[in-house]
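Comments concern the structure below.
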Amino acid sequence: MSNKESCSYKEGPLPACAPLAVPMLAAQQSAEPAYESADALAKGTLFPGLDLPFMDYVANCPVEDTPLAELMALDFVCQELALYLDTHPGDKEAFKTWKSFTALAKEGRQRYVEMCGPVTRADTARFDSWVWPEDPWPWNNGKAGKK
Amino acid sequence: MFVYEKKLQYPVRIKNPDPAMAKYIITQYGGPDGELSASLRYLSQRYSMPYDRAKAVLTDIGVEELGHLEIVGTIVHQLTRNMTVEQVKKAGIQDYFVDHTAGVYAQAAAGFPYDAASFQVKGDVIADLAEDMGAEQKARVTYDNILRMADDPDVIDVIRFLREREVVHFQRFGELMGLVVDKMDQRNVYAVNPAFDRKK
Chain C
457 MSNKESCSYK
467 EGPLPACAPL
477 AVPMLAAQQS
487 AEPAYESADA
497 LAKGTLFPGL
507 DLPFMDYVAN
517 CPVEDTPLAE
527 LMALDFVCQE
537 LALYLDTHPG
547 DKEAFKTWKS
557 FTALAKEGRQ
567 RYVEMCGPVT
577 RADTARFDSW
587 VWPEDPWPWN
597 NGKAGKK
Chain Y
-5 MFVYEKKLQY
5 PVRIKNPDPA
15 MAKYIITQYG
25 GPDGELSASL
35 RYLSQRYSMP
45 YDRAKAVLTD
55 IGVEELGHLE
65 IVGTIVHQLT
75 RNMTVEQVKK
85 AGIQDYFVDH
95 TAGVYAQAAA
105 GFPYDAASFQ
115 VKGDVIADLA
125 EDMGAEQKAR
135 VTYDNILRMA
145 DDPDVIDVIR
155 FLREREVVHF
165 QRFGELMGLV
175 VDKMDQRNVY
185 AVNPAFDRKK
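Protein chains in written order, with the numbering used here: chain C, 457 to 603; chain Y, -5 to 194.
As C-alpha cells, then:
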C-alpha cells in the first residue's frame, strides 16, 4: 500500500509508530480568518472555524451599539486572542493583532469610564467623589446600565 | 491577585421574570458541570502544573469562568427579580423560595448545594487536562439542554454565548494536551508523572 493510500483523510490505520493512548486534537493553524469584533462577541468566538452552534441557535440579534457593548467586544477579542496565544506563543502576527486590540480596548475603556462610571475601583480616582458604589452594577441592567 | 471589573463579559438584559427557567439555569451556577466547578477546577489545578503554557491556559480560562459565573448569577437574578408569590407557586419553586427568597444560591437544578466533589485535582498533567476537556463537553451539553427548554430570546441569546465558549475552551485544552505531551517521554508518556517525578 502506498503512503498516499494509507493516509487519506479519516481512512486507513495509523502507522505502527504513531503514539497510541495519547489524546490528540487538531491544533488551530492560524488566528486568521477572524470575525469583526462586534460579530465575534455576538457569536461567542473570534474564529469562524470554532463557530459551531447547537441546532439553529445562531446569533441573530447584533449586540447593541453602546460604549459598554463596544468595550465588551474589544475586551472579548483580546481574551480570544490571549487564549489562542497561550497555545500558540510563537505566532507573531497574532501577537501583533493582540497588541493593537489591547490598545483599542484601553481607549474604549476610557470612553466608557467618562460616560458611565468606573470599571475598576482604581478608575474612581478620575471622579470628584467616591462613586464606586453607585449603579450600574452589572446584574442591574434595565434599572441602570443604559445611561 | 484579582481585580474586579464592574461589567459582564456579555450583556444580559432579561425583561420578563421566569422563575421556572431560573431553577434550571442555576445548575450552571452551582451544579456539577457549572461555572463555579469550572473556575475552581482550573484555578486549583494550576499549582501542580510543571509547564508554563499549562499555567497560562488554566489561569486565563479559569478567570474567564469566574466571569461566566457572574453571567449565570445575573441571569438567575433577572429571571427572579420582581417575581410575585403567585409566580413562585405557578413555577413550582416554593422549595427554593422558602430557603433563599429571590437570592442566588449555588445549587444544582435538582436542588442539592454546590459540592467540590463535582471536580478533581489529580496532580497529574494528562489526567487533569483530560478532565478539563471532558468538563467543557459536559458544560456544553448542559447549555444545549437549557436551550431546548428556553423560549425567551433574551435568555437564549446569552446561553448560546456561554455554550460557544465551552467549544472554544475545549479546543484550547486539546491544543494544550498536544503541547504538554510533546514534552514527555515519546516512547511512553505514562512512564512518569512530570508533575511529581522531578528530574535529577
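Positions of the beta carbon are idealized from the N, C-alpha and C atoms, including for glycine. Please read all numbers here as calculations on a predicted model, not as lab measurements.
Asked: Assuming the contact rule is C-beta atoms closer than 8 Å, glycine 500 of chain C and leucine 527 of chain C should be a hit. Round their C-beta distance to whole Å, please.; Found: Wrong, their Cβ atoms sit about 17 Å apart, outside the cutoff.
Asked: Would you say valine 92 of chain Y lies against chain C (beta-carbon separation less than 8 Å)?; Found: no
Asked: For leucine 63 of chain Y and serine 112 of chain Y, which I take to be in contact (beta-carbon distance under 8 Å), what is that distance rounded to the nearest angstrom?; Found: Incorrect: roughly 14 Å between the Cβ atoms, too far for contact.
Asked: Which stretch, first to last residue, makes up the alpha helix (DSSP H) that contains tyrosine 18 of chain Y?; Found: 13 to 19
Asked: Give the interface partners of leucine 34 of chain Y over in chain C, defined as CB-CB distance under 9 Å, in chain order.; Found: The premise fails here: leucine 34 of chain Y is roughly 19 Å from chain C at the closest Cβ pair, so nothing lies under 9 Å.
Asked: Could you check what DSSP says for glutamine 101 of chain Y in three-state terms: helix, strand or coil?; Found: strand
Asked: Taking arginine 47 of chain Y and threonine 543 of chain C to be in contact with their CB atoms under 8 Å, please state how far apart those CB atoms are, rounded to whole angstroms.; Found: 7 Å
Asked: Measure the CB-CB distance between glycine 67 of chain Y and tyrosine 23 of chain Y and report whether it falls below 8 Å.; Found: yes
Asked: At what residues does the alpha helix (DSSP H) containing valine 51 of chain Y begin and finish?; Found: 46 to 74
Asked: What is the rounded straight-line gap between the Cα of glycine 128 of chain Y and the Cα of arginine 40 of chain Y?; Found: 17 Å
Asked: Do you know offhand how far valine 92 of chain Y's Cα is from asparagine 10 of chain Y's?; Found: 22 Å
Asked: Does the beta carbon of glycine 564 of chain C come closer than 8 Å to any beta carbon on chain D?; Found: Going by chain labels, chain D is absent from the structure shown, which instead holds the protein chains C and Y.
Asked: Quick check: what's the CA-CA separation for leucine 123 of chain Y versus aspartate 27 of chain Y?; Found: 16 Å
Asked: Start and end of the alpha helix (DSSP H) containing glycine 172 of chain Y?; Found: 147 to 176
Asked: Take phenylalanine 532 of chain C and list the residues in its own chain whose beta-carbon comes closer than 8 Å to its own, dropping the five residues that flank it on each side.; Found: Ser493, Ala496, Leu497, Leu502
Asked: Thinking just about the alpha-carbon of each residue, which of C:Ser486, C:Val478, C:Tyr513 is nearest to the one in glycine 505 of chain C?; Found: C:Ser486
Asked: Give the residues from the stretch 574 to 587 of chain C that approach chain Y closer than 9 Å (Cβ to any Cβ), ordered along the chain.; Found: Pro574, Val575, Thr576, Arg577, Ala578, Asp579
Asked: Per DSSP, which residues does proline 107 of chain Y bridge with? Please list them.; Found: Y:Gln101
Asked: Report yes or no: is there a C-beta of chain Y within less than 8 Å of the C-beta of cysteine 517 of chain C?; Found: yes
Asked: In whole angstroms, give me the CA-to-CA distance for asparagine 187 of chain Y and glycine 117 of chain Y.; Found: 9 Å
Asked: To be precise: take each residue of the stretch 475 to 500 of chain C, compare its Cβ to all Cβ atoms of chain Y, and keep it if any distance is under 9 Å. Which residues remain?; Found: Pro475, Ala477, Val478, Pro479, Met480, Leu481, Ala482, Ala483, Gln484, Leu497, Ala498, Lys499, Gly500
Asked: Among Y:Leu73, Y:Ser31, Y:Thr74, Y:Asp151, which residue has its Cα nearest to the Cα of glutamate 58 of chain Y?; Found: Y:Ser31
Asked: What separation, rounded to the nearest whole angstrom, lies between the Cα atoms of arginine 567 of chain C and proline 574 of chain C?; Found: 11 Å
Asked: Determine the DSSP secondary structure at tryptophan 554 of chain C, reduced to helix, strand or coil.; Found: helix
Asked: Per DSSP, what kind of secondary structure is lysine 83 of chain Y in: helix, strand or coil?; Found: helix
Asked: Quick one: list the residues of chain Y neighbouring aspartate 542 of chain C, beta-carbon separation under 8 Å, in chain order.; Found: Arg47, Ala50, Val51, Asp54, Arg166, Leu170
Asked: Identify the continuous alpha helix (DSSP H) that holds valine -3 of chain Y and give its terminal residues.; Found: Note, valine -3 of chain Y: premise wrong, no alpha helix (DSSP H); not H, not E.
Asked: Three-state secondary structure (DSSP) at isoleucine 8 of chain Y?; Found: coil
Asked: So if I threshold CB-CB distances at 9 Å, which residues from the stretch -1 to 29 of chain Y count as touching chain C?; Found: Glu(-1), Lys0, Lys1, Leu2, Gln3, Tyr4, Pro5, Val6, Arg7, Ile8, Lys9
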